[in-house]
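So the protein sequences, as listed, match chains A and B. Numbering of the first sequence is given in numbering that gives the first Met the number 0, commencing with residue 0 and proceeding in unit increments. Numbering of the second sequence is given in numbering that gives the first Met the number 0, commencing with residue 0 and proceeding in unit increments. Comments concern the structure below.
Number of protein chains: 2
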Amino acid sequence: MISKKMEGLVKGSSVIRAMFEEGKALAKKYGKENVFDFSLGNPNVPAPKSVNESIKRIVDEEDSVILHGYMSNAGYEDVRLAIAQSLNKRFGTAFSEKNIIMTVGAAGGLNVALKSILDPQDEVIVFAPYFGEYKNYVSNFDGKLVEVNPNPPTFEPDYKDFESKISAKTKAVIINNPNNPTGIIYKKEWIEKLASILNKKQQELNTCIYLISDEPYRELVFKDVEVPYLTKYYANTIVGYSYSKSLSLPGERIGYLVVPDEADSFEELTAAMGVATRILGFVNAPSLQQKLIKNCLNEKTDIEAYNKNRIKLYEGLKALGFECVEPEGAFYLFMKSPEEDDKEFVKVAKEYNILMVPASSFGVKGYVRIAYCVAYDTIERSLSQFAKLAKRYNL
Amino acid sequence: MISKKMEGLVKGSSVIRAMFEEGKALAKKYGKENVFDFSLGNPNVPAPKSVNESIKRIVDEEDSVILHGYMSNAGYEDVRLAIAQSLNKRFGTAFSEKNIIMTVGAAGGLNVALKSILDPQDEVIVFAPYFGEYKNYVSNFDGKLVEVNPNPPTFEPDYKDFESKISAKTKAVIINNPNNPTGIIYKKEWIEKLASILNKKQQELNTCIYLISDEPYRELVFKDVEVPYLTKYYANTIVGYSYSKSLSLPGERIGYLVVPDEADSFEELTAAMGVATRILGFVNAPSLQQKLIKNCLNEKTDIEAYNKNRIKLYEGLKALGFECVEPEGAFYLFMKSPEEDDKEFVKVAKEYNILMVPASSFGVKGYVRIAYCVAYDTIERSLSQFAKLAKRYNL
Numbered sequence: 000m001i002s003k004k005m006e007g008l009v010k011g012s013s014v015i016r017a018m019f020e021e022g023k024a025l026a027k028k029y030g031k032e033n034v035f036d037f038s039l040g041n042p043n044v045p046a047p048k049s050v051n052e053s054i055k056r057i058v059d060e061e062d063s064v065i066l067h068g069y070m071s072n073a074g075y076e077d078v079r080l081a082i083a084q085s086l087n088k089r090f091g092t093a094f095s096e097k098n099i100i101m102t103v104g105a106a107g108g109l110n111v112a113l114k115s116i117l118d119p120q121d122e123v124i125v126f127a128p129y130f131g132e133y134k135n136y137v138s139n140f141d142g143k144l145v146e147v148n149p150n151p152p153t154f155e156p157d158y159k160d161f162e163s164k165i166s167a168k169t170k171a172v173i174i175n176n177p178n179n180p181t182g183i184i185y186k187k188e189w190i191e192k193l194a195s196i197l198n199k200k201q202q203e204l205n206t207c208i209y210l211i212s213d214e215p216y217r218e219l220v221f222k223d224v225e226v227p228y229l230t231k232y233y234a235n236t237i238v239g240y241s242y243s244k245s246l247s248l249p250g251e252r253i254g255y256l257v258v259p260d261e262a263d264s265f266e267e268l269t270a271a272m273g274v275a276t277r278i279l280g281f282v283n284a285p286s287l288q289q290k291l292i293k294n295c296l297n298e299k300t301d302i303e304a305y306n307k308n309r310i311k312l313y314e315g316l317k318a319l320g321f322e323c324v325e326p327e328g329a330f331y332l333f334m335k336s337p338e339e340d341d342k343e344f345v346k347v348a349k350e351y352n353i354l355m356v357p358a359s360s361f362g363v364k365g366y367v368r369i370a371y372c373v374a375y376d377t378i379e380r381s382l383s384q385f386a387k388l389a390k391r392y393n394l
Numbered sequence: 000m001i002s003k004k005m006e007g008l009v010k011g012s013s014v015i016r017a018m019f020e021e022g023k024a025l026a027k028k029y030g031k032e033n034v035f036d037f038s039l040g041n042p043n044v045p046a047p048k049s050v051n052e053s054i055k056r057i058v059d060e061e062d063s064v065i066l067h068g069y070m071s072n073a074g075y076e077d078v079r080l081a082i083a084q085s086l087n088k089r090f091g092t093a094f095s096e097k098n099i100i101m102t103v104g105a106a107g108g109l110n111v112a113l114k115s116i117l118d119p120q121d122e123v124i125v126f127a128p129y130f131g132e133y134k135n136y137v138s139n140f141d142g143k144l145v146e147v148n149p150n151p152p153t154f155e156p157d158y159k160d161f162e163s164k165i166s167a168k169t170k171a172v173i174i175n176n177p178n179n180p181t182g183i184i185y186k187k188e189w190i191e192k193l194a195s196i197l198n199k200k201q202q203e204l205n206t207c208i209y210l211i212s213d214e215p216y217r218e219l220v221f222k223d224v225e226v227p228y229l230t231k232y233y234a235n236t237i238v239g240y241s242y243s244k245s246l247s248l249p250g251e252r253i254g255y256l257v258v259p260d261e262a263d264s265f266e267e268l269t270a271a272m273g274v275a276t277r278i279l280g281f282v283n284a285p286s287l288q289q290k291l292i293k294n295c296l297n298e299k300t301d302i303e304a305y306n307k308n309r310i311k312l313y314e315g316l317k318a319l320g321f322e323c324v325e326p327e328g329a330f331y332l333f334m335k336s337p338e339e340d341d342k343e344f345v346k347v348a349k350e351y352n353i354l355m356v357p358a359s360s361f362g363v364k365g366y367v368r369i370a371y372c373v374a375y376d377t378i379e380r381s382l383s384q385f386a387k388l389a390k391r392y393n394l
């Protein structure tokens, strides 16, 4: 009785989310402390203290009718302006409130962006490995996902393959920076190369190709590497941001889209995003959370906690003989599966109460993603389990 | 550069929302007190005081990582269970947490429900006049909206026309109770008749037809009329609820879907709703608002404030010679346009700084919708402007 599209999706329901549920079940069975659940990107670092203080101040001070009420679909103007000014200060951009559309997290933002631009059969290019939900988001609007081949071990885009896959049907390209699942950062030079290929192709094909940068992990950077601000490198850019990780508010569903003035059809595109926000049923980003963000633009999460995890896990796994991509950002470690079949490896690891996500969920094979946004203690204790796993594979 | 579907939508962008923006512009020009904006269903009654108190207590008492974190896509189990128990107490139902899916308001809920059940070209029946967004929601999933003829002045469903429009393609029927825009309530007898037709047709066609009841106005009832709880009358029911109006939290985007155990493919359907919540980009209903709802299940908005408005406006307009449907619920008054072209009438009213929504937005002609969720004083002062309007039309 459910739709045909959903039938398949329900059956193959997100491996990540299924693991989340499985993790909860295992924890009930073996005790939480004996399960090493690295499956979900749910921040373990609490929101900065000022977040809750700010919430209390807002409900005390603001007019309740306005605070909890409807506003323009794109969000409160004062919030959008404050975000624009904060971006301008950080990145030397020149945004106003017109360039910002408040969204229900980055996931909501990407859906709003894709709804605004995709016609059926339009193509959207992603670089493998990529966040598996992109496939569903594109499919929501009957678009077609086109994958660029993975390029291990650096995972720098395969520019040649990328260029060959751009067609007259290409409407958008999605990158995720810092990257989920690899933990790498798209450097300035990479972005410049992508932009140059896109500009060339746009001219050649006489089309408009939007480069969508999904940036929920922008603030989670552990190396002295700049995460380039896309609008400075390419005109037809849409940036999707979320406070899920930067302020540890994933459940609150608050983020925004940025469209620069230089983007083709700027007025139409941003108007479409407002309409898409409405008709997809978001209506607007949660109002209290919008006001909260305005007060917390300079707040930061405890990046050192993640960094400590990152180093411990990366060094620990390397020492055990596992082959790992060194994470530069986000809170994921991308590890080579010691056997070709990453799903099988994940199954075996589960025998040791270790939960990881097979890279098949991200469009590549032979890797697993380890989300290290867990207690440091969990990482420490997991290493003896990983040691057993290494032994099992004769590493 | 935007999608073809969106091009049309942006051009004809929701008359209601356009008016909201227009109202703000007029208020800037003439002063807020001189503009009578009856266009948007944005509650003017503030949320109960306990709402803000509860928010403060929650952020003080709950673990921040859990409070602001991800949970199952369907929502926190404790919240869902509390809602189920509250419904059981009120309506004699027998729901558990499994029957409840938390959503980003009723708009989010309806999209989740439709995404879960619609295949392209599937038909969804609505009764004119209907909330205009239903058309967009159905179109999001390539479904086809089928309208049952309006039946003024009672707006009881035209059962004969309804039955004639049910086909093998009919996947769902949406009703809105209490009704936006008419303000009428679907009585028990009406629901029984609809259910009986649906049961007959399901058997005849060997199909499954979901009756979706959109109920954001359930608590806003001014007459001694029961708003029947749909699951008691028909098995394949999906109830969409929102706290936007009942607790004056429209900007916070919090509501839920109810599916009874008896619904066809119950397990599959509720699983699909969880997946739809995720892939449409909602991911989950805002987490703090979920916890808030659990604490405020017995709170009520100030229904008397709306009732006072309702009586003043209804009596006032009738006395001026306007023909009105007596509102029984919600906060809308449906008024006959003194000229056939309701859009023209709305334009003329604007000359008197009165903003109303033409019923063309709701799939019928010759009426306007007046949202009386405004200050009582606004209603009082608007009547002299309505008097001028009545004079203009020689009423």
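The C-beta atom is built at its ideal place from N, Cα and C for all residues, glycine as well.
(request) Kindly provide the ranges of any alpha helix (DSSP H) runs that are 4 or more residues long and lie completely inside the segment 154 to 211 of chain A, ordered along the chain. (result) 158 to 164, 187 to 204
(message) Can you check which of these residues, D341(A), Y351(A), K349(A), is closest to P357(A) by C-alpha distance?
(response) Of the candidates D341(A), Y351(A), K349(A), the one whose C-alpha sits nearest the C-alpha of P357(A) is D341(A).
(request) Look at the Cβ atom of N98(A), then the Cβ atom of A83(A), and state whether they are nearer than 8 Å. (result) yes
(request) Taking only the alpha-carbon atoms, compute the straight-line gap between E76(A) and T181(A) and give it to the nearest angstrom. (result) 36 Å
(request) Under 7 Å between beta-carbons, which chain A residues line up against N110(B)? List them in chain order, please. (result) L279, G280
(request) Specify the secondary structure class of P249(A) as computed by DSSP and reduced to three states. (result) helix
(request) Tell me whether the beta-carbon of F154(A) lies closer than 8 Å to the beta-carbon of I183(A). (result) yes
(request) Express the C-alpha separation of A105(B) and T276(B) in angstroms, rounding to a whole number. (result) 12 Å
(request) Find the residues of chain A that neighbour Y403(B), judging by a C-beta separation of less than 7 Å, and give them in chain order. (result) Because residue 403(B) is not part of the residues shown, which for chain B are 0 to 394, the question remains open.
(message) When you compare the segment 221 to 236 of chain A with the segment 184 to 196 of chain A, are there three or more beta-carbon pairs, one atom per stretch, that lie closer than 8 Å?
(response) Taking one beta carbon from each stretch, the segment 221 to 236 of chain A and the segment 184 to 196 of chain A have 3 or more pairs nearer than 8 Å; the two touch.
(message) I'd like to know whether the C-beta of D77(A) is nearer than 8 Å to at least one C-beta of chain B.
(response) no
(message) Using a Cβ-Cβ cutoff of less than 6 Å, which residues in the same chain neighbour F344(A) once the five nearest sequence positions on both sides are dropped?
(response) These residues qualify, in order along the chain: S336, E338.
(request) Take N43(A) as the anchor and find which of S243(A), I292(A), R391(A) has the nearest alpha-carbon. (result) S243(A)
(request) Could you pull out every unbroken beta strand (DSSP E) segment of at least 3 residues lying fully inside the segment 100 to 149 of chain B, listed in chain order? (result) 122 to 126, 143 to 147
(request) Look up D59(B) in the DSSP assignment and say whether it is helix, strand or coil. (result) helix
(request) List the residues of chain B whose Cβ lies closer than 9 Å to the Cβ of K143(A), in chain order. (result) Those within 9 Å of K143(A) in chain B number zero; the least Cβ separation is about 14 Å.
(request) Report, in whole angstroms, the separation of the C-beta atoms of K290(B) and E61(B), which I expect to be a contact under 8 Å. (result) 7 Å
(request) List the residues of chain B whose Cβ lies closer than 9 Å to the Cβ of I116(A), in chain order. (result) M0, I1, S2, M5
(message) Given this structure, state the Cα-to-Cα distance separating G22(B) from V34(B), to the nearest angstrom.
(response) A direct Cα-Cα distance of roughly 7 Å separates G22(B) from V34(B).
(request) Name, in chain order, the residues that DSSP records as bridge partners for M334(B). (result) C323(B), V367(B)
(request) Check whether the Cβ of N283(A) lies closer than 8 Å to any Cβ atom in chain B. (result) yes
(request) Just confirm the distance between the C-beta atoms of A284(A) and G40(A), as a whole number of angstroms; I'd bet it's less than 8 Å. (result) 20 Å between Cβ atoms; not a contact.
(message) Taking the alpha carbon of K307(B) as the reference point, which residue from N297(B), S166(B), G273(B), P326(B) has its own alpha carbon closest?
(response) P326(B)
(request) Spell out whether any CB of chain A is found under 8 Å from the CB atom of I292(B). (result) For I292(B), no CB of chain A lies under 8 Å from its own CB, so it is not counted at the interface with that chain.
(message) In this structure, how does DSSP classify F35(A) when only helix, strand and coil are distinguished?
(response) strand
(request) Identify whether D376(A) lies in helix, strand or coil by the three-state DSSP scheme. (result) helix
(message) For chain A, check one thing: does any of its Cβ atoms lie closer than 8 Å to the Cβ of P45(B)?
(response) yes
(request) Determine which residues share a DSSP beta bridge with V257(B) and list them. (result) DSSP, once it has assigned bridges, lists I99(B), V238(B) as partnering V257(B).
(request) Using 10 angstroms around the beta-carbon of A348(A), count the other beta-carbons present and answer buried if the total reaches 16, otherwise exposed. (result) buried
(request) Could you pull out every residue in the same chain whose Cβ sits closer than 8 Å to the Cβ of Y375(B), ignoring the five residues on either side in sequence? (result) A304, K307, N308, K311
(request) Quick one: residues in its chain with C-beta nearer than 7 Å to the C-beta of E261(A), no 5 flanking neighbours on either side, listed in chain order? (result) A234
(request) Could you tell me which of G107(A), K55(A), F94(A), A46(A) sits nearest to Y255(A), measuring between CA atoms? (result) G107(A)
(request) Take the Cβ of N205(B) as the centre, count every other Cβ of all protein chains shown within 10 Å, and call the residue buried at 16 or more, exposed below. (result) N205(B) comes out exposed.
(request) On a CA-only basis, which of Y351(A), N176(A), S359(A), P119(A) is nearest L382(A)? Give me that one, please. (result) Y351(A)
(request) Consult DSSP for G30(B) and reduce its assignment to one of helix, strand or coil. (result) coil
(request) Return the bridge partner residues of D213(A) from the DSSP annotation. (result) N175(A), G239(A)
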